[in-house]
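Following: one structure in structure tokens, then a few remarks.
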Amino acid sequence: MRIFNTLTHSVEPFKPIHPGTVNMYVCGPTVYNFIHIGNARPVIFFDVVRRTFEYLGYTVNFVSNFTDVDDKIITRAKELEIDEIALTQTFIKAFLDDVERLGSTTKYLAPKATEYMQPITNYIAQLIDQGFAYEVDGDVYFDVKKSPEYGILSNRQIDEQELGSRIAVNDKKRHPLDFTLWKKTTEGVKFSSPWGEGRPGWHTECAAMIDDIFGEKIDIHGGGADLVFPHHENEIAQANALHHHHLANIWMHNGHLQIDDSKMSKSEGTVIYVKDLTVDPMGFRLLTLGTYYRAPLMFNDETLNTYTNEWERIKRTYSQAFYALDLIEMLDSEAKNYPDIEILHDRFIDAMTDDFNTANALTHLYALVKLLNQKMREEDAFDIMLAAFNNLKIMFNILGLRISLKRLSKADRHMYHAWKDARKNRDFDRADQLREKLSERGILS
RNA sequence: GGUCCCGUAGCCAAGUGGCUAAGGCAGCGGACUGCAACUCCGCCAUCGUCGGUUCGAAUCCGAUCGGGACCUCCA
9 MRIFNTLTHS VEPFKPIHPG TVNMYVCGPT VYNFIHIGNA RPVIFFDVVR RTFEYLGYTV
69 NFVSNFTDVD DKIITRAKEL EIDEIALTQT FIKAFLDDVE RLGSTTKYLA PKATEYMQPI
129 TNYIAQLIDQ GFAYEVDGDV YFDVKKSPEY GILSNRQIDE QELGSRIAVN DKKRHPLDFT
189 LWKKTTEGVK FSSPWGEGRP GWHTECAAMI DDIFGEKIDI HGGGADLVFP HHENEIAQAN
249 ALHHHHLANI WMHNGHLQID DSKMSKSEGT VIYVKDLTVD PMGFRLLTLG TYYRAPLMFN
309 DETLNTYTNE WERIKRTYSQ AFYALDLIEM LDSEAKNYPD IEILHDRFID AMTDDFNTAN
369 ALTHLYALVK LLNQKMREED AFDIMLAAFN NLKIMFNILG LRISLKRLSK ADRHMYHAWK
429 DARKNRDFDR ADQLREKLSE RGILS
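If you count the first sequence from 1, you need to add 8 to reach this note's numbering.
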């Protein structure tokens, strides 16, 4: 397995800290709204990372947090005139529903900031004790000048930044890049701390959770490319201060989704939510996997339709093979080995282990689909069909492409054979009736 | 001002020094078929522009044009 590491800016061989185990953390959502299709990219991609490692035999400890205390949450709760707890509960559930719809697993450790106050305040206290943070009027800031490596991840010189380019400079800070660890809060949900009532800063939340949950450096830390600076830079600064390491061996960042239809641009304020996707979510998942994860992902109606149709095509082949094999009761048979199929499988895995090159992996999946279609046109190629089908299933599992089919009932089998007989006897009225029924059952497609 | 991406056929997208530039969609031409759908076979690009390095470049360097990200809480 080779992975591009933002920290070293190069592709590196993956070496787990503990053999056979991958400890990974992905920055989760701030739960104040539904997630949009851009948020869906890491949800899909890092799920595939996890599945790939699991296929390779690793135990993956996957953690992704919920930021459930934040200014945006306070603002949104006021807008909707509900309390913050109700708001975050609503959107945590909505998030998990979307994750499920996108075909990613929801079975992972998902710590909430509000439930980690003790570890977080302890973490901040340690930073103050060791001289890396300072308190001003109930706020606590991290002192970036105390961190000699500050800028190591994002390759920035702290004094060359255009200060206040987006946000007014806060004069309580010793240096404009100093970031908030604890923020004095007068409204909304607040927590007590040695520095008075307030709430934790976002950057310290993730760092403290990782510290508490894993207790050591982790293998992989992931998130969107926009998090490189300042969020992940700040996480590294804190870990470096307390533990003299970079928090994670490998930092992975997915590129952004680009909507090139101006009518749907962010500047127009029209955001597409995952919950509002009208196509099969698997089509969207395939679209996401069709592009290398670090490259920008082009999204528009045409690309969405292309991949949705592609998914229909793949699904059709899979389903036809499934029923063809079920009809002759071969689904549970032992598959033989065929070099042509082994090669496609191996190439697929090679692509996946080459920094998760899903775009290349898909070409081998397409080749397998084609092979399966060729074999289904032949009269008696069931052995090789079975082998191809089983391998396609493996690829589906790694990519998280979901399809559930029910095995044929006795009635289904009768209907199928009746259809075949009707065609043979040139009773086309009856054949068409049966074809329609079989299509409704999903057996013919 | 700083850091960093990208520009490959109508569309999406691999490839990052060397056989005739993957793959998919769309298109075109065939085959199969009771009809239709599905499916299969075949065809379809010299890599934004200019210059340089090299025996050899889409791949390296420079310039230029065009698009984009980040520079305090946005995946």
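Backbone N, C-alpha and C define an ideal beta-carbon position, used for all residues, glycine too. Since we're looking at a predicted model, the values are computed, not measured.
With 16 other CB atoms within 10 Å as the buried threshold, where does residue i fall?
| i | result |
| --- | --- |
| SER273 | Its pLDDT being 45, under 50, SER273 is placed unreliably by the model, and the measurement read from it follows with that caveat. Flag for SER273 reads exposed. |
| PRO27 | exposed |
| ALA359 | buried |
| PHE436 | exposed |
| SER112 | buried |
| LYS323 | buried |
| THR96 | buried |
| PRO208 | buried |
| HIS17 | exposed |
| ASP420 | buried |
| LYS19 | One detail in the question is off: residue 19 reads as Val in this sequence, not Lys. With fewer than 16 Cβ atoms within 10 Å of its Cβ, VAL19 is classed as exposed. |
| GLU195 | exposed |
| SER201 | buried |
| LEU117 | exposed |
| ASP106 | buried |
| LYS378 | exposed |
| THR67 | exposed |
| LEU413 | exposed |
| GLU213 | buried |
| HIS252 | exposed |
| GLU92 | buried |
| HIS239 | buried |
| PRO50 | buried |
| ALA369 | buried |
| ARG385 | exposed |
| ASN433 | exposed |
| ILE230 | Note on residue identity: the sequence assigns Gly, not Ile, to residue 230. Buried. |
| LYS271 | In this prediction, LYS271 scores a pLDDT of 40, lower than 50, which makes its location untrustworthy; the coordinate-derived value is nonetheless stated afterwards. When all chains shown are included, LYS271 counts as exposed. |
| GLY65 | exposed |
| GLY450 | exposed |
| GLU276 | Interpretation of GLU276 is limited by its pLDDT of 49, a score under 50 that renders its predicted location unreliable; the figure taken from the coordinates is listed afterwards. Flag for GLU276 reads exposed. |
So residue i and residue j are in contact, right, with Cβ under 8 Å, and what is the actual spacing, rounded?
| i | j | result |
| --- | --- | --- |
| ALA367 | GLY263 | The Cβ separation is near 13 Å, so there is no contact. |
| ILE218 | TYR33 | 5 Å |
| THR29 | ASN69 | 7 Å |
| ALA503 | TYR124 | Nothing can be reported for residue 503, as the shown portion of the chain is limited to 9 through 453. |
| THR336 | PHE404 | The identity of residue 336 in the sequence shown is Ile, whereas the question assumes Thr. Going by Cβ atoms, the distance from ILE336 to PHE404 rounds to 22 Å, so no, they are not a contact pair. |
| PHE222 | ASN13 | So it is not a contact: roughly 18 Å between Cβ atoms. |
| GLY232 | LYS192 | At roughly 29 Å, the Cβ-Cβ gap does not stay under 8 Å, so GLY232 and LYS192 are not in contact. |
| THR38 | ASP78 | 5 Å |
| THR60 | PHE364 | 7 Å |
| PHE187 | PHE237 | Going by Cβ atoms, the distance from PHE187 to PHE237 rounds to 11 Å, so no, they are not a contact pair. |
| LEU380 | ALA396 | 4 Å |
| ALA1 | PRO127 | No statement about residue 1 is possible, as the shown extent of the chain runs from 9 to 453 and does not include it. |
| LEU452 | ARG443 | 6 Å |
| THR361 | ARG10 | 7 Å |
| LEU189 | VAL148 | 4 Å |
| GLY36 | THR75 | 7 Å |
Any idea which residues DSSP pairs residue i with across the strands?
| i | result |
| --- | --- |
| GLN266 | MET306 |
| GLY232 | ASN262 |
| ARG10 | PRO21 and ASP362 |
| ALA141 | PHE150 |
| MET32 | PHE70 and ILE228 |
| HIS44 | TYR281 |
| THR311 | DSSP, once it has assigned bridges, lists no residue as partnering THR311. |
| THR38 | THR75 |
Using a threshold of 8 Å, is the CB atom of residue i nearer than that to any non-hydrogen atom of the ligand SAH?
| i | result |
| --- | --- |
| ILE351 | The ligand SAH is absent from the structure shown, which contains no ligands of any kind. |
Completely contained beta strand (DSSP E) runs for the region 57 to 128, where each covers 3 or more residues: Within the region 57 to 128, the complete beta strand (DSSP E) runs of at least 3 residues are 67 to 72.
State whether the region 313 to 327 contacts the region 344 to 358, with contact taken as three or more CB pairs (one from each stretch) at a distance under 8 Å. The answer is no - the region 344 to 358 does not touch the region 313 to 327, with fewer than three Cβ pairs under 8 Å.
Pair every Cβ in the region 139 to 157 with every Cβ in the region 216 to 236, then say whether three or more of these pairs are closer than 8 Å. Contact fails: fewer than three Cβ-Cβ distances are below 8 Å.
Threshold first: 3 residues or longer. Then list the beta strand (DSSP E) segments lying entirely within the region 343 to 428, N to C. The qualifying runs do not exist here; there are none.
For the region 124 to 139 against the region 85 to 104, are there 3 or more C-beta pairs whose distance is under 8 Å? Counting C-beta pairs closer than 8 Å gives fewer than three between the region 124 to 139 and the region 85 to 104, which falls short of the contact rule.
Enumerated in chain order, which unbroken segments of the beta strand (DSSP E) with a length of 3 residues or greater are wholly contained in the region 177 to 257? For the region 177 to 257, whole beta strand (DSSP E) runs of length 3 or above, ordered along the chain, are 187 to 192, 206 to 208 and 226 to 232.
Inspect the CB distances between the region 289 to 308 and the region 374 to 385 and report whether three or more fall short of 8 Å. Output reads no: the region 374 to 385 does not touch the region 289 to 308.
Taking contact to mean 3 or more Cβ pairs, one atom from each stretch, closer than 8 Å, check whether the region 308 to 324 and the region 287 to 298 are in contact. Touching, yes, given that three or more Cβ pairs across the two stretches are closer than 8 Å.
The region 37 to 55 contacting the region 279 to 287, beta-carbon criterion three pairs below 8 Å: Here the region 37 to 55 makes contact with the region 279 to 287; the two share three or more CB pairs at distances below 8 Å.
Are the region 340 to 349 and the region 391 to 411 touching by the rule of at least three beta carbon pairs closer than 8 Å? Judged by Cβ distances under 8 Å, the region 340 to 349 makes contact with the region 391 to 411, as three or more pairs qualify.
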